[in-house]
Amino acid sequence: MAGSPVQVTGTVLTMRRVDAYHALTVVAPGIADRFRPGHFVTVAVGGPRTSTLTRRAFAVHDVKPDYGGTVELVFTVRGAGTAWLADRRARDPLDLIGPLGRPFPLPRDPATCLLVGSEYGAAALFALADALQQRNCRVDFVLGAASSDRVFGALRARRMAETATLTTRDGSLGVRGSVVDVLPGVIADTHADVVYACGPMATLGGVTAVCAEFDIPVQVSVEELMACGIGLCMTCTVPVIGDDGVTRMTRACVDGPVFRGERVRFDDVGTIPFDAHGAPGGDRAR
Amino acid sequence: MPADMRTYLAHVELPNPILTASGCAGTGRELAPFADVTRLGALTTRTITMAPRAGRPTPRMAETPSGLLNAVGLQGPGVDVFLDRELPWLAERGARTVVSIGGGSVAEFSALARKLTDAPGVTALEVNLSCPNVEDRGRVFARDPSAAGEVVSAVRTAARYDLPVIAKLTPDVADVVAIAKACVDGGAEALSMINNPVGMAIDVDRMRPALAAGTGGLSGPAIRPLAVKCVWQVHAALPGTPVIGMGGVTSGRDALELVLAGACAVAVGTVLFHDPYAGHRVLRELEELLQERGFDRLADAVGLAHRPSHRTDREEISP
Chain A
-13 MAGSPVQVTG
-3 TVLTMRRVDA
7 YHALTVVAPG
17 IADRFRPGHF
27 VTVAVGGPRT
37 STLTRRAFAV
47 HDVKPDYGGT
57 VELVFTVRGA
67 GTAWLADRRA
77 RDPLDLIGPL
87 GRPFPLPRDP
97 ATCLLVGSEY
107 GAAALFALAD
117 ALQQRNCRVD
127 FVLGAASSDR
137 VFGALRARRM
147 AETATLTTRD
157 GSLGVRGSVV
167 DVLPGVIADT
177 HADVVYACGP
187 MATLGGVTAV
197 CAEFDIPVQV
207 SVEELMACGI
217 GLCMTCTVPV
227 IGDDGVTRMT
237 RACVDGPVFR
247 GERVRFDDVG
257 TIPFDAHGAP
267 GGDRAR
Chain B
1296 MPADMRTYLA
1306 HVELPNPILT
1316 ASGCAGTGRE
1326 LAPFADVTRL
1336 GALTTRTITM
1346 APRAGRPTPR
1356 MAETPSGLLN
1366 AVGLQGPGVD
1376 VFLDRELPWL
1386 AERGARTVVS
1396 IGGGSVAEFS
1406 ALARKLTDAP
1416 GVTALEVNLS
1426 CPNVEDRGRV
1436 FARDPSAAGE
1446 VVSAVRTAAR
1456 YDLPVIAKLT
1466 PDVADVVAIA
1476 KACVDGGAEA
1486 LSMINNPVGM
1496 AIDVDRMRPA
1506 LAAGTGGLSG
1516 PAIRPLAVKC
1526 VWQVHAALPG
1536 TPVIGMGGVT
1546 SGRDALELVL
1556 AGACAVAVGT
1566 VLFHDPYAGH
1576 RVLRELEELL
1586 QERGFDRLAD
1596 AVGLAHRPSH
1606 RTDREEISP
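Quick mapping for you: the protein sequence lines, in order, are chains A and B. Mapping of the first sequence onto our numbering: position 191 corresponds to residue 177, and the numbering continues sequentially without gaps. Count along the second sequence from 1, add 1295, and you get the number used in our numbering.
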């Protein structure tokens, strides 16, 4: 575990468009220092008298030592909060909390690592790729999205990885289909020892199923709606099987967002599994 | 000179009037990296239940204008794990802890009170009356004066005589004063209000309810006027009963509004999701506002808005 998270008022350094996405770089020294690949940050949106109270959570794309430490986030405008964020300009203040969550575990010995990212979820994988390469791991990428302008980081992936396989739903770039469709072939070609995946829940479920067939470990970073990001609100829970074999409604923010794929009950997301700890029916009183 | 911020819940003195609202401060441990929980007037736990509860399916949360709808479903590990792992952490640090309890029957409430009453570190019990009564077709205790009074009196009987019992009221009733009186008659030494009113949002893109549970509790600044109204009415009817005011407090001004309506303590809830340091900030702002207005003591401001309108000069009424 890295150090505990901090709440800081960062200063926006740059706001850029990267294909279909916005890339925001903030000077936030306390956060950059403590960052490990897989961590996320939350941002308060709407200014000091905001009417949008929930913090927005973003995976950290990269940290750099410039100006005492910068944090880069990649996001897409999906509502009022992200629209406000996209309007920030250099020197604007930004209330940030981070680094949050459980980062990606790294292999102790050099291994062949396959990094799978869907849409802007791919942004979280580049800092991981750097860390893996520093440990002499071989890195391969599979990146996918609905269309070519939504495939994040294709150029950088091609430059840094042994192989980079791209997929689009509409066939405008790379293989037509999803990252899950090409995964069996890529695993077989690269002889991957371990898979890391970021993206929507359905994609992660598909990736985990493929990895189970190949009997290789998979670490997934889940996306679940959260209000606070620090473990207070209990809204970002996912059914996860614990070390004792018991399924619990587990907070993605503090116990995740990175989980071992086979521990997450993807088919039961959005339900309370009947055998979960404390599920209705198991409880005499309700 | 800074105002004296001490306040009392029955005979229990709190060093300051800012509490956290139930279900908004986790176990205390989650808040600790950002704010010192021992410097709060008290920390209120999430509602503790007898058995572990998995809660409601996701999505559990939807953002609404100046508010938040939630349907968490009292997820928690149950009272035994709470006593074993969560309460000792707070007690060791010297945090004052109000334990919120919830049950499906009167018997369950009194069993919880018995289990908690002698545990070290419990400052008061808060009875979450917004639980469905399984013995009465799932109607919530908080909406029926006799059911609310019965639960409070069972908890009062089961708890040690010197442990204050606080009843938490919902604004979703025709007459909040009737419920408040029933709770005080049942033995409640203090009242906290308001719990979340029930609301609903529909996601127009998915064309489905935004929450998996359909309806959920509405919190945040959107409900503050409801809180002010309930505190005002209850303080007018029961001026001797301490009231913990809560509902959408985000600043010292908001806290002062509830104090002037009659609250002797104020809890921050949803704002902690936005800013985990909010409790301490609200306390500092409230202190400054009282000082600016020339108050020596917080107690002098409690319910002050009730004074007759022709007496506008504060010197006249402030001792």
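Glycine is no exception: its CB is placed at the ideal position from the N, C-alpha and C atoms. For clarity, every value in this text was computed on a predicted model and none was experimentally measured.
The beta strand (DSSP E) that contains residue i, what's its start and end?
{"i": "I1539/B", "result": "V1538 to M1541"}
{"i": "C99/A", "result": "T98 to S104"}
{"i": "S1487/B", "result": "A1485 to M1488"}
{"i": "I227/A", "result": "T223 to I227"}
{"i": "V125/A", "result": "R124 to A131"}
{"i": "S207/A", "result": "V204 to S207"}
{"i": "A150/A", "result": "A150 to T154"}
Based on the DSSP secondary-structure assignment, which residues constitute the bridge partners of residue i?
{"i": "N1423/B", "result": "K1463/B"}
{"i": "N1616/B", "result": "Any property of residue 1616/B remains undetermined from this structure, which presents chain B solely from 1296 to 1614."}
{"i": "A43/A", "result": "T28/A"}
{"i": "V1374/B", "result": "Per DSSP, none; premise fails for V1374/B."}
{"i": "V161/A", "result": "T153/A"}
{"i": "Y1303/B", "result": "E1308/B"}
Helix, strand or coil for residue i, going by three-state DSSP, please let me know.
{"i": "V4/A", "result": "strand"}
{"i": "Y1572/B", "result": "coil"}
{"i": "A271/A", "result": "Summary for A271/A: the model assigns pLDDT 40, below 50, so the residue's position carries little reliability; its value from the coordinates is reported in the next sentence. The answer is coil: DSSP assigns A271/A none of H, G, I, E or B."}
{"i": "R145/A", "result": "helix"}
{"i": "D81/A", "result": "strand"}
{"i": "F252/A", "result": "helix"}
{"i": "A1531/B", "result": "helix"}
{"i": "Y53/A", "result": "helix"}
{"i": "V63/A", "result": "coil"}
{"i": "V181/A", "result": "strand"}
{"i": "T1392/B", "result": "strand"}
{"i": "P243/A", "result": "strand"}
{"i": "R237/A", "result": "strand"}
{"i": "P1310/B", "result": "coil"}
{"i": "I1343/B", "result": "strand"}
{"i": "P1504/B", "result": "strand"}
{"i": "R1434/B", "result": "strand"}
Examine chain B for any beta-carbon lying closer than 8 Å to the beta-carbon of residue i, and answer yes or no.
{"i": "H263/A", "result": "yes"}
{"i": "E210/A", "result": "yes"}
{"i": "P(-9)/A", "result": "yes"}
{"i": "V57/A", "result": "no"}
{"i": "M187/A", "result": "no"}
{"i": "T68/A", "result": "no"}
{"i": "I216/A", "result": "yes"}
{"i": "A198/A", "result": "no"}
{"i": "R22/A", "result": "no"}
{"i": "I173/A", "result": "no"}
{"i": "C99/A", "result": "no"}
{"i": "R74/A", "result": "no"}
{"i": "L71/A", "result": "no"}
{"i": "V240/A", "result": "yes"}
{"i": "R64/A", "result": "no"}
{"i": "D269/A", "result": "Reliability of the predicted coordinates at D269/A is poor, the pLDDT of 48 falling under 50, and no value is obtained from them."}
Determine, using beta carbons only, whether residue i comes closer than 8 Å to chain A.
{"i": "V1544/B", "result": "no"}
{"i": "G1321/B", "result": "yes"}
{"i": "V1367/B", "result": "yes"}
{"i": "L1363/B", "result": "yes"}
{"i": "E1358/B", "result": "yes"}
{"i": "F1404/B", "result": "no"}
{"i": "A1573/B", "result": "no"}
{"i": "T1649/B", "result": "The structure shown has nothing for residue 1649/B, since chain B only spans 1296 to 1614."}
{"i": "V1566/B", "result": "yes"}
Under the criterion of a Cβ to heavy atom distance below 7 Å, does residue i qualify as lining the ligand ADP?
{"i": "Y1572/B", "result": "As for the ligand ADP, it is missing from this structure, which has no ligand bound."}
If you follow the alpha helix (DSSP H) that residue i is in, where does it begin and where does it stop?
{"i": "T176/A", "result": "V165 to T176"}
{"i": "C197/A", "result": "M187 to F200"}
{"i": "V1616/B", "result": "This structure cannot settle anything about residue 1616/B, because the visible part of chain B is limited to 1296 through 1614."}
{"i": "C1478/B", "result": "V1471 to D1480"}
{"i": "V1446/B", "result": "P1440 to A1453"}
{"i": "V1554/B", "result": "G1547 to A1556"}
Contact the region 1541 to 1556 of chain B vs the region 253 to 266 of chain A: 3+ CB pairs below 8 Å: Flag = no, the region 1541 to 1556 of chain B and the region 253 to 266 of chain A do not touch.
The region 1312 to 1321 of chain B in contact with the region 1332 to 1341 of chain B per 3-pair CB rule at 8 Å: Segments in contact, yes.
The region 127 to 137 of chain A / the region 214 to 234 of chain A touching (three or more Cβ pairs under 8 Å): Segments in contact, no.
Within the chosen definition, does the region 89 to 109 of chain A reach the region 120 to 135 of chain A through at least 3 CB pairs nearer than 8 Å? Taking a cut-off of 8 Å for Cβ pairs, the region 89 to 109 of chain A and the region 120 to 135 of chain A touch, as three or more such pairs fall below it.
Below 8 Å, can you find three or more Cβ-Cβ pairs linking the region 240 to 250 of chain A to the region 1345 to 1362 of chain B? With the cut-off at 8 Å, the region 240 to 250 of chain A and the region 1345 to 1362 of chain B do not touch.
Is it a yes or a no for the region 76 to 83 of chain A touching the region 1392 to 1401 of chain B, going by three-plus beta-carbon pairs under 8 Å? Contact fails between the region 76 to 83 of chain A and the region 1392 to 1401 of chain B, because fewer than three Cβ pairs, one in each stretch, are under 8 Å apart.
Assess, as a yes-or-no matter, whether the region 196 to 214 of chain A is touched by the region 5 to 14 of chain A under the definition of 3 or more beta carbon pairs within less than 8 Å. Contact fails between the region 5 to 14 of chain A and the region 196 to 214 of chain A, because fewer than three Cβ pairs, one in each stretch, are under 8 Å apart.
Per the contact definition of three or more C-beta pairs closer than 8 Å, is the region 61 to 70 of chain A in contact with the region 28 to 48 of chain A? Enough Cβ pairs lie closer than 8 Å, so yes.
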